Each structure stands twice: as C-alpha cells, then as structure tokens.
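What follows is a short report on a single structure.
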Amino acid sequence: MNCFRRLVGKLWAFLRPKRPLLIRHQCVNSLPSTLDRRILYVVGQNGYEWHVAMICPCGCNATLLMNLLPEEEPCWMLLRHDDGTASLHPSVWRNVGCRSHFFLRRGYINWCTDG
3 MNCFRRLVGK LWAFLRPKRP LLIRHQCVNS LPSTLDRRIL YVVGQNGYEW
53 HVAMICPCGC NATLLMNLLP EEEPCWMLLR HDDGTASLHP SVWRNVGCRS
103 HFFLRRGYIN WCTDG
C-alpha cells in the first residue's frame, strides 16, 4: 500500500498544473548572446522596433523571432502593459521543430489546442 501511495504521489506531481511562467518584456538594441526564457526581447533603436525574440516556451530552447515591421509578412503586433508584461497578436505557430502554437497574453503563454 505504501508503494502505491508513493506511485500516486509521483504521478500527481507530474500531472498537476504547473505554475505558468511569467514573461516580461525588455527593450534592447541587439539580442544578447544568451536569452533568458522569462524575457521577451524587443529589438530596435531610436523608437523603431524591428522584431521581438524569445525562447520557445515548450522547452525545446529554440530562439523565436517575430517580425514587428508592418510592411513585412508575417507580422505581429506588440502590446505593452503597465506591469512590465506584453501581449503578441496573432498567435505564434511554429511550422518546424516542436510545432508549438500559443498566444502570449499579458506575459503568460496560452497554449492552443490544434485539431
């Protein structure tokens, strides 16, 4: 019985909802050589913003770059919030690698259920 309780405890620890990672934005002139997975980097200079970058939240550690220039496609819109978080529109959907699909809303990842 004791072995069963330990097994159920380990299973619950694995399946229980994890506390979501809060991602804050940071403005930079160029990307640092190592990215922090809790930061959405807004890359630009002199009031012009070119793209945002972040580490893929699925855990694959891929660097994601999203264009902010409206004359280029695809293009995302960045909305900054007073609490230091940000939102991106539309969703981020990787078509290679891990194939993650999510929204960044007020600094939290909202996973999409495809199919």
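Residue numbers are given in our numbering: position 20 of the sequence shown equals residue 22, and the series is strictly consecutive.
For glycine and all other residues, C-beta sits at the position ideal for the given N, C-alpha and C.
If you're wondering where the values come from, they're calculated on a predicted model, not measured in any experiment.
Q) Can you tell me whether DSSP reads residue 98 as helix, strand or coil? A) Walking along the sequence shown from the start, residue 98 turns up at place 96. Coil, per DSSP.
Q | Among 85, 53, 23, nearest to residue 73 - alpha-carbon criterion | A | Counting from one through the sequence shown, the residue named residue 73 turns up at place 71. Closest option to residue 73, Cα to Cα, is 53.
Q.
Rounded to whole angstroms, what is the Cα-Cα separation between residue 45 and residue 32?
A. The count along the sequence shown starts at 1 and reaches residue 45 at position 43. The count along the sequence shown starts at 1 and reaches residue 32 at position 30. For residue 45 and residue 32, the distance between alpha carbons rounds to 6 Å.
Q | Euclidean distance between Cα positions of residue 90 and residue 79 | A | Sequence index remark: in the sequence shown, residue 90 carries index 88 (1-based). Sequence index remark: in the sequence shown, residue 79 carries index 77 (1-based). Residue 90 and residue 79: Cα-Cα distance of roughly 6 Å.
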